[in-house]
Amino acid sequence: MTTTPFKDRARIDAVDKVRGATAYAADIPVPGMLYAMLVPSLVAKGRIATLHVEDAVSVPGVVRILTPDDFPPPPEPVRFPNADAPPTLHRDIAFRGQPIALVVAETLEAATEGAERVAATFETQPFAATKRSALAVREEARPTAFGDAEAALAQATMTVDVEYESPAQHHNPIELISTTAVWTDGRLTIYEGTQFASGIKEVVARILRIDPGIVDVKSPSVGGAFGQKGWVQQQTAIIARAAMLLGRPVKLVTPRGQIFHLAKFRPNSTHRIRLGADAAGKMTGVHYVADQQQSRRGTFPPDYHAGPTRLYGIRNYYGGGVDYRIDTQPPGHMRAPHEHPACFAFECAVDELAYGLGADPVDFRIANDTRVDPQNGRPLSSRHLNECLSRGAQRFGWSKRTPKPGSMRAADGSLVGWGVASGIYPALVTATVATLRISADGTTRFATTHHEFGQGIKTAIGAVLLDGLEIDAAKLDIVLGDTTVAPQQITAGSWGTFSVVPTAALAVERMRAAISELLAGRQFSGTIHQQLAAIRRPFLTVDVSLLGPGQDAAALERLRRGQYAIAGPTFPEFTAMSYIAHFVEVQVEPTTRRIRMPRVVSVADCGRVVSPRTAVSQVRGGVVWAFGAALREATEVDPRFGGFLNNDLVDYVVPVNADIGEIEVDFINEPDPVANSVGVKGLGEVAMVGASAAIVNAIFHATGKRLRKLPVRIEHLLQVPIP
Ligand code: MOS
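For the sequence shown, the working numbering begins at 191 and goes up steadily by one.
This is the structure we're talking about:
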């Protein structure tokens with residue numbers, strides 16, 4: 191495997207993006223478009239008693255109102271990924287904000303007014319709005335255990351027994367959730383910003399009882415996804431049904447306030463951690479049980495302990511999870527879904543333990559390295575966490591830190607705190623297919639599995655194609671997220687690069703072989719386009735497919751059917767994980783207690799870095815989000831009504847530019863020798879993991895106060911005496 195670093199390249203999509211030329215799903219112009227608006231339920235649980243649409247129908251421009259009667263009964267037996275009920279309209283209400291009707295009109299204004307005029311009455315039922323509600327149902331997941339955690343904790347020299355809480359939080363990508371459905375000549379085309387075009391194709395077909403063969407889904411560009419766009423949305427089949435009933439294209443762009451109630455979200459979770467170390471500073475045992483809020487039939491697992499299991503070589507482990515089933519929409523994946531809250535809790539507990547032992551928090555982590563996956567004893571494909579920690583410490587200037595809390599001050603009198611934490615995320619991969627076609631006219635087209643949602647996957651693919659082939663970069667077209675060109679797999683879990691970059695490398699290799707066969711020893715100068723022209727060959731195409739280690743042909747079949755085709759992080763011969771170390775400086779103003787974050791150093795081990803520019807951006811974005819998660823974001827619930835109260839960007843507070851200081855990013859950039867032919871692992875999610883812990887550990891170092899509940903706000907520091 192070559193270890194030459196990839197060179198820095200501009201984003202392939204940069205010029206179009208800054209010109210506003212990038213078309214997102216809701217921008218696709220379709221003649222004769224109708225506009226739609228959903229009507230949300232105002233009760234949290236019960237059944238629609240009456241639904242009056244007459245007033246709404248009388249609004250000029252309203253064309254039709256869809257109600258639960260407009261949907262075929264769901265096919266049985268049928269499972270919809272992580273949905274309590276098939277995502278259509280129903281009379282039974284499972285959560286506040288659930289759609290009860292859809293108004294379709296000639297204009298957006300008419301649709302909006304019509305939606306406001308739909309009148310419903312409900313037979314209500316008592317409901318549980320939070321984990322602490324009397325009607326919440328507790329359900330334990332199967333634990334993971336190895337060694338003897340209780341014995342290890344009993345024998346430990348130093349233990350901590352602490353509880354951390356992470357609040358419910360909602361994704362707020364800039365692009366809203368939108369669906370445009372077009373029904374013409376017996377084909378249904380859906381334009382939707384999604385991470386899983388083929389999943390939409392299959393599931394919408396099943397819900398509407400049509401042949402998936404007549405459904406096409408296109409998601410050319412997505413304006414931020416982060417897990418929110420990983421599933422068929424609540425609205426997708428409803429809009430498709432409206433287009434089919436009306437014979438005209440229908441578009442819905444869901445307002446942000448409704449998205450808070452319709453989309454997945456990060457559930458509230460509480461993490462009880464007992465962690466012990468011996469006199470030599472080795473962590474010997476951990477007992478980690480997390481609980482989370484869950485919907486009545488949701489399937490997002492409470493497996494928070496899975497990440498920390500693999501962070502250090504702890505030999506005695508008990509990890510458990512608990513769901514509290516309540517009346518909410520199903521929670522789901524939001525960037526680093528388990529690892530972010532888990533590493534917030536665990537890496538703060540590690541800091542508490544290090545302080546208890548009088549150890550330096552960086553040295554303590556370095557001393558707890560492992561070469562194997564503690565869960566199963568398999569070798570790790572690569573692990574450079576200790577290099578991340580030591581390089582980060584060096585770049586940050588950690589040696590100048592005085593360990594005593596409250597012992598460092600800035601020139602303006604602010605308390606200075608320096609904190610560190612590690613992060614970990616599984617290296618996952620999916621079955622992937624691609625078609626590469628190079629033409630004599632100068633164009634190249636690479637059509638493949640997976641989606642671009644701003645993370646830079648096109649730029650990473652482009653790096654491999656442009657490094658390996660003499661082709662015209664300006665006429666390179668990379669087509670993603672389109673079921674008409676390749677079966678689409680869910681792009682999530684940081685597996686995009688691991689999956690598609692080695693596939694692109696394979697396509698390059700096959701293309702070079704095909705060209706040399708075609709030229710049969712003849713020599714032509716110039717690009718591949720010019721060589722093809724010289725031999726009067728209009729184009730040359732290669733088709734490739736690639737499986738992850740240990741995957742077989744069944745994975746390709748699942749890929750073709752819009753089902754999950756994912757492998758890892760445990761592969762037959764090894765376990766593969768990505769790692770990161772974050773170093774954070776906070777400053778706490780002594781009078782206001784305002785917390786600022788002037789600088790961060792983050793060093794990641796994601797294997798070989800294919801696209802340096804987008805990789806740096808991924809890490810910066812992850813750190814910014816961790817700042818939001820640690821100090822700003824929480825979705826509030828009023829237990830009297832259910833639903834989410836602060837469902838807009840005024841009251842759901844996210845970081846702004848002025849909140850963010852310098853974020854210095856570095857990579858180990860060592861190829862993973864066994865994961866795949868290019869030596870890449872994932873980066874998108876590990877970027878965020880642990881950064882919240884580093885911030886909260888820094889606040890402890892600044893103030894001496896251990897804060898164990900996110901988000902940390904000024905009011906939590908008001909009682910802290912400042913010398
Ligand atoms: Mo990500 S939360 O796996 O899309």
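For every residue, glycine included, the Cβ atom is placed at its ideal position computed from N, Cα and C.
Exercise. What does a CB cutoff of less than 7 angstroms around residue 562 pick up in its chain, not counting 5 residues either side in sequence?
Worked result: Only 568, 569 and 570 meet the Cβ criterion.
Exercise. From residue 457 to residue 482, what distance separates their C-alpha atoms?
Worked result: 6 angstroms
Exercise. Are the beta-carbon atoms of residue 655 and residue 768 separated by less than 9 angstroms?
Worked result: no
Problem set entry | Range covered by the beta strand (DSSP E) that runs through residue 225 | Annotation: the continuous beta strand (DSSP E) that includes residue 225 extends over 224-230.
Exercise. Which ranges does the alpha helix (DSSP H) cover as unbroken runs of at least 4 residues, wholly within the stretch 399-479, from first to last along the chain?
Worked result: Those alpha helix (DSSP H) runs which fall completely within the stretch 399-479 and span 4+ residues are 426-436 and 446-452.
For this session: Compute every distance between the C-beta of residue 682 and the non-hydrogen atoms of ligand 1, then say whether any falls below 8 angstroms.
Result: yes
Exercise. When every heavy atom of ligand 1 is checked, does at least one fall within less than 8 angstroms of the C-beta of residue 679?
Worked result: no
For this session: Decide if residue 193 is buried, meaning its Cβ has at least 16 other Cβ atoms within 10 Å, or exposed.
Result: exposed
Problem set entry | Inter-residue spacing [alpha-carbon to alpha-carbon] between residue 236 and residue 282 | 6 angstroms
Exercise. First and last residue of the beta strand (DSSP E) that includes residue 777?
Worked result: 767-778
For this session: Provide the residue(s) that pair with residue 627 in DSSP beta bridges, ordered along the chain.
Result: 635 and 731
For this session: For the alpha helix (DSSP H) holding residue 551, just list the boundary residues, first then last.
Result: 551-556
Exercise. Per DSSP, what kind of secondary structure is residue 693 in: helix, strand or coil?
Worked result: helix
Exercise. Could you give the C-beta distance for residue 858 and residue 578, rounded to a whole number, given that I count them as a contact under 8 angstroms?
Worked result: 6 angstroms
For this session: Could you tell me which residues DSSP puts in a beta bridge with residue 348?
Result: 467
For this session: Can you say whether residue 370 is buried or exposed, counting buried as having 16 or more other CB atoms within 10 angstroms of its CB?
Result: buried
Problem set entry | C-alpha distance - residue 353 paired with residue 425, whole-angstrom precision | 38 angstroms
Exercise. For residue 847, is the classification buried or exposed, using 16 other Cβ atoms within 10 angstroms of its Cβ as the cut-off for buried?
Worked result: exposed
For this session: Output the distance between the C-alpha atoms of residue 523 and residue 709, rounded to the nearest integer angstrom.
Result: 50 angstroms
Problem set entry | Limits of the beta strand (DSSP E) - the one that residue 507 falls within | Segment 506-515, the beta strand (DSSP E) holding residue 507.
For this session: Could you check which residue in 494, 488 and 470 has the C-alpha nearest to that of residue 477?
Result: Per the Cα distances, 494.
Problem set entry | 6 angstroms CB neighbourhood of residue 701 in its chain, flanking five on each side removed | The residues are 626 and 732.
Exercise. Who are the near neighbours of residue 318 in its chain, counting only those whose CB is closer than 6 angstroms to its CB and skipping five residues on each side?
Worked result: 325, 326, 516 and 517
Exercise. Are there 16 or more other CB atoms within 10 angstroms of the CB of residue 835, so buried, or fewer, so exposed?
Worked result: Result: exposed.
Exercise. Using CA coordinates, which residue listed in 246, 644 and 291 is at the minimum distance from residue 414?
Worked result: 644
Exercise. On the premise that residue 572 lies in contact with residue 860, defined as a C-beta separation below 8 angstroms, what is that separation, rounded to the nearest angstrom?
Worked result: 7 angstroms
Exercise. Which residues in the same chain have their Cβ closer than 6 angstroms to the Cβ of residue 851, if we skip the five residues on either side of it in sequence?
Worked result: 787, 788 and 789
For this session: Could you pull out every unbroken beta strand (DSSP E) segment of at least 3 residues lying fully inside the stretch 698-765, listed in chain order?
Result: 729-736
For this session: Return helix, strand or coil for residue 581, following the three-state DSSP convention.
Result: Here residue 581 sits in helix by DSSP.
For this session: Just mark residue 242 as buried or exposed, buried being the case when its beta carbon has 16 or more other beta carbons within 10 Å.
Result: It is exposed - the Cβ of residue 242 has fewer than 16 other Cβ atoms within 10 Å.
For this session: For residue 714, count neighbouring C-beta atoms within 10 Å of its own C-beta (all shown protein chains included) and say buried if the count is 16 or more, exposed if not.
Result: exposed
Problem set entry | contact_flag[the stretch 607-627, the stretch 741-758] where n(CB pairs < 8 angstroms) is 3 or more | yes
For this session: Please report the residue range of the alpha helix (DSSP H) in which residue 208 lies.
Result: For residue 208, the enclosing alpha helix (DSSP H) covers residues 204-208.
For this session: Identify, in the order they occur along the chain, each residue of the same chain with its Cβ nearer than 7 angstroms to the Cβ of residue 759, setting aside the five sequence neighbours on each side.
Result: 616, 617, 618, 765, 766 and 767
For this session: In the DSSP assignment, find the unbroken alpha helix (DSSP H) run with residue 499 in it and report its ends.
Result: 496-501
For this session: Evaluate the contact criterion for the stretch 671-685 versus the stretch 630-646: three or more CB pairs, one atom per stretch, below 8 angstroms.
Result: yes
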